[in-house]
Every structure is written in C-alpha cells, then in structure tokens.
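Each remark here refers to the structure printed beneath this line.
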Amino acid sequence: MLPIFSSTNSPRLTPKTFLSWLITTRLVRIIVISFITFSAIFSFTHLFRGFYFGRSKILHPISRTYDTNQISPLSEMNNLYRFSKMHSKTSKLFTDSLYPYYYRAERTPELDDITVTTFVSQQGFDDLIRLAEAWQGPVSAVLHVPTETLDDKDPRIVNILATYNDLYKRNAILKQNVDIHLLAGPVSINNVTILPRPTNFHFNIARFFARSEFVLFLDQDTWPTQRARKILRKHKEILLQNDILVLPTFVFTELSTSHTSNDFPRSIEELTKLAKRKYMGLKDSGWSLNKGPTSYENWLKKKVYNVSDYEMHYQPNFVVRRGRELPWCTERFDNFENSKAACLLQMYISGSELWVIPEAFLIEYHYNRHSYLLKPIESKWEVRILNL
Numbered sequence: 001m002l003p004i005f006s007s008t009n010s011p012r013l014t015p016k017t018f019l020s021w022l023i024t025t026r027l028v029r030i031i032v033i034s035f036i037t038f039s040a041i042f043s044f045t046h047l048f049r050g051f052y053f054g055r056s057k058i059l060h061p062i063s064r065t066y067d068t069n070q071i072s073p074l075s076e077m078n079n080l081y082r083f084s085k086m087h088s089k090t091s092k093l094f095t096d097s098l099y100p101y102y103y104r105a106e107r108t109p110e111l112d113d114i115t116v117t118t119f120v121s122q123q124g125f126d127d128l129i130r131l132a133e134a135w136q137g138p139v140s141a142v143l144h145v146p147t148e149t150l151d152d153k154d155p156r157i158v159n160i161l162a163t164y165n166d167l168y169k170r171n172a173i174l175k176q177n178v179d180i181h182l183l184a185g186p187v188s189i190n191n192v193t194i195l196p197r198p199t200n201f202h203f204n205i206a207r208f209f210a211r212s213e214f215v216l217f218l219d220q221d222t223w224p225t226q227r228a229r230k231i232l233r234k235h236k237e238i239l240l241q242n243d244i245l246v247l248p249t250f251v252f253t254e255l256s257t258s259h260t261s262n263d264f265p266r267s268i269e270e271l272t273k274l275a276k277r278k279y280m281g282l283k284d285s286g287w288s289l290n291k292g293p294t295s296y297e298n299w300l301k302k303k304v305y306n307v308s309d310y311e312m313h314y315q316p317n318f319v320v321r322r323g324r325e326l327p328w329c330t331e332r333f334d335n336f337e338n339s340k341a342a343c344l345l346q347m348y349i350s351g352s353e354l355w356v357i358p359e360a361f362l363i364e365y366h367y368n369r370h371s372y373l374l375k376p377i378e379s380k381w382e383v384r385i386l387n388l
C-alpha cells in the first residue's frame, strides 16, 4: 500500500519520499536480491563454461603441409587469434578449426584469372578431380570434416587426410591448381554428427582464400566446359564494374534417357541443337525448365544480355570480384536452399547488374545417381510467385 500522509501533520508526498518508501518495501528488496543472485550465477556459469568447455580439443595439432615464413610472427600465430581479428563475428567453433591452404596448389594463378569456389565432401574426391580436369584453372575448395575432436589422431581425420594425400601425390592437376582449406570439428554445437552441406560460410572461406581477382560460385554436380574459363576472362571489364556474370546451367531432360558424360555438348552450337530437340533444358532452381529468370528466349540469341526479370529466389552459378567491392555472403542461413539466393540478393541490392554469358554454359550432371543427397525437396518459386 502507498504511504498515507495527513494534510495537517505530515509533509506532502513528493517523488523523493515516494522513492525512499519504495526502496524500503519488502517486494522491491526481494526483486533486487533475486536479480543480484541470478546475475552472479549466470556470470559464474558463463565463466566456468568458457574456461573448461570452450577450450580447443586439439591434442595433437594438425600441422601445415607447406613451409611458413619463419621471419613473420603471424606465420605461427594460432588461427583462433588471427581470425578473431579478421572475422570478429564468426563463431569460434569454426575459426579455431580452420586450416587454410592445408593443400596448397603449386601453380600461382594470374591475378585476372577466375578461381572456382566450391565445397568438397569426404566422399567427393572423384568430383574434385573431374572439376579440376574440366576447369584447367585455379580452384579454392573447402573440405569440412565433421568431428567432435580436433585431434589429428582421430580415425576419421586420419582416413580422410590419407585419402587426399594420396590423391595429391598421384594427380598432377590437383597439385598444380587446387587449394584445399580444411575445416574440422562439428557442423553445429547441438549436433556434432550431422553431415555438412555447402553454406555461405563455406563459400566465404573459399572466396576469401582464393588467389585471383575473380571467383566463380559453382554448385555441386555442375560442370564447366573446357572453353568456359577462356570465354569468361574476355568479359572481365564487366566484373571490374562490380557487376555479375551469370553462367546458364543446362540439364538433360527425360527425352534423353541414355546420356552419359561423353554426351556433354562442347560448343554452344551443339547445345542449341540439343535444346531445340528438347534433349536438354535451361535450369533455374525453383522454376520449370526454360522458364526461369535466366530466360531461354534471350539465351537463344547468343548475345550477352541483362537479367531483366530478377527475383529474390534466383540462385544461378555466377562470377564476381573476390574483394571487398561486393558484400560478403550472409551466414545466417544454415540450409542450402536459401544460402546462395541470399548471397546474390545482397550483391544485387548493392547495385550490381547481372549479365548472362550464353557461351559460358554449365552442365548439371550427377555421376553418383544413388546418393540420397542429390535430390533434396526443391521449392517451386515459380508456382508461389504466380499465386501471390
């Protein structure tokens, strides 16, 4: 109850007297004591967790595969300290277990070259070799090994690294052109056994450590033709304006039932014949064949054109500048479906235009058709948009 003051014997109720009364009430004292107790327990728990559970589980640190500069103190600095300054908002879960250039390509790419940024799985070494042979240029790949410990004696790490060590010894293309950045540790704190899928975090790593001016964001199971790299390098003036080059992606249709990788079209003339016979179609994820923003009708004209019907769910394979001229991909999406579209949307709203290069086409083809990861449920943005 509020204090009762008599108009004759007691002073008037003022803010000061009311505050003094409020502080002395039992309810307020209970609230203050509870808050102090909760704060102390919370602070102690957070401090205890940081000291004991936040420590790295590296028992035998994974060593580098290349010589470092012994003069520079940065060479031997722990990755956690280095990346905590460079990427202060990135989770310690990743920065403490990242080993850039674990396998470093022997060939230094030209500055104006185009580096493929990609994600490679534990069983994806065959696809990595196919990509390196098809691209014949620099590749920046992230290999994520989902382990609960960062011990180099962990059987999973030992087996995977032994496989890739053997690949680099036997395959000249990998040794010359492919940088692999090793990311060990769990995919998430809540589920340490979940298999990693490519996200914007992986693409940001591959993009950051690419050694050329331009990078290609390439989906898995998507393959460039041998001429694509040379064709794209002819359009670098578009990239220097901070615009984006889109590579149209084609797939075999149901009418072509007996195709193999040997049936890949080598030129735009061969591809046009297959497309007109409906053996192949232009694919935009979320749209029916030949119906997406890339525009099949404009592609048939075989001239560079602007994407005029851009939509926020559009996620083609594209080339951009590597540096800070364009925004880095947001990492708040942890699912494959939204990551790439969100990344492209950031660049689009920052002022970048999208230009399709008809001759630099890609082919989507699954070499391992029995993998359950190859056919995720795909949202049909075309249907959703029409129903709005």
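Just so we're aligned: 312 in UniProt numbering is position 312 of the sequence shown, and the numbers increase by one with no gaps anywhere. Just so you know, even glycine gets a beta-carbon here, dropped at the ideal spot from N, CA and C.
Exposure label - Gln123; buried when at least 16 CB within 10 Å = For the purposes of this step, residue 123 is identified with residue 123 of the sequence shown, where counting begins at 1. With fewer than 16 other CB atoms across the displayed protein chains lying within 10 angstroms of its CB, Gln123 is exposed.
Euclidean distance between Cα positions of Ala275 and Gly281 = Here the question's residue 275 lines up with position 275 in the sequence shown. Here the question's residue 281 lines up with position 281 in the sequence shown. In this structure, the alpha-carbon of Ala275 lies about 6 angstroms from that of Gly281.
Three-state secondary structure assigned by DSSP to Ser133 = Within the sequence shown, the letter at position 133 stands for residue 133. Sequence check: residue 133 is Glu here, not Ser. Helix, per DSSP.
Take Leu174 as the anchor and find which of Pro138, Asn200, Thr199, Pro198 has the nearest alpha-carbon.
-> Counted from its first residue, the sequence shown places residue 174 at position 174. Of Pro138, Asn200, Thr199, Pro198, the residue nearest in Cα terms is Pro138.
Report yes or no: do three or more beta-carbon pairs, one from the segment 166-182 and one from the segment 242-258, lie closer than 8 angstroms?
-> No, the segment 166-182 does not touch the segment 242-258.
DSSP state of Glu325, grouped into three classes?
-> In the sequence shown, counting from the first residue as 1, residue 325 sits at position 325. Note: Glu325 maps to coil in three-state DSSP.
So is Leu374 buried or exposed if we call it buried at 16+ other beta carbons inside 10 Å?
-> On the sequence shown, position 374 is the one that residue 374 refers to. At Leu374 the pLDDT is 42, less than 50, meaning the model places this residue with poor confidence and gives no usable figure here.
Examine the ligand ADP and report whether any of its heavy atoms sits within less than 6 angstroms of the Cβ of Val142.
-> Only the bare structure without any ligand can be found here, which leaves the ligand ADP out of the picture.
Round the Cβ separation of Arg207 and Thr294 to the nearest angstrom and send it over; I've been treating them as touching at under 8 angstroms.
-> Position 207 of the sequence shown, counted from the first residue, corresponds to residue 207. Position 294 of the sequence shown, counted from the first residue, corresponds to residue 294. At roughly 22 angstroms, the Cβ-Cβ gap does not stay under 8 angstroms, so Arg207 and Thr294 are not in contact.
Neighbourhood of Asp112 by C-beta distance below 8 angstroms, restricted to the same chain and skipping five residues each side | Taking the sequence shown and counting its residues from 1, the one referred to as residue 112 is at position 112. A distance below 8 angstroms between beta-carbons, with the five flanking residues on each side excluded, links Asp112 to the following residues of its chain, in chain order: Ser212, Glu213, Phe214, Arg233, Lys236.
Where Leu289 and Lys301 are concerned, what is the direct C-alpha to C-alpha distance, given to the nearest angstrom?
-> Numbered from its first residue, the sequence shown carries residue 289 at position 289. Numbered from its first residue, the sequence shown carries residue 301 at position 301. Linking Leu289 to Lys301 through their CA atoms gives a straight-line distance of about 18 angstroms.
Per DSSP, the bridge partner or partners of Ser140 | On the sequence shown, position 140 is the one that residue 140 refers to. In the DSSP assignment, Ser140 is bridged to Thr117, Asp179.
For Leu59, the three-state DSSP class (helix, strand or coil) = Here residue 59 refers to the residue found at position 59 of the sequence shown. In this prediction, Leu59 has a pLDDT of 36, which is less than 50 and means its spatial position is unreliable; what the coordinates show is noted afterwards. The answer is coil: DSSP assigns Leu59 none of H, G, I, E or B.
What runs of the beta strand (DSSP E), each 3 residues or longer, lie entirely inside the segment 221-285?
-> Complete beta strand (DSSP E) runs here, min 3: 222-224, 244-247, 249-252, 280-283.
Where Ala132 and Leu255 are concerned, what is the direct C-alpha to C-alpha distance, given to the nearest angstrom?
-> Taking the sequence shown and counting its residues from 1, the one referred to as residue 132 is at position 132. Taking the sequence shown and counting its residues from 1, the one referred to as residue 255 is at position 255. Their backbone Cα atoms lie some 30 angstroms apart in a straight line.
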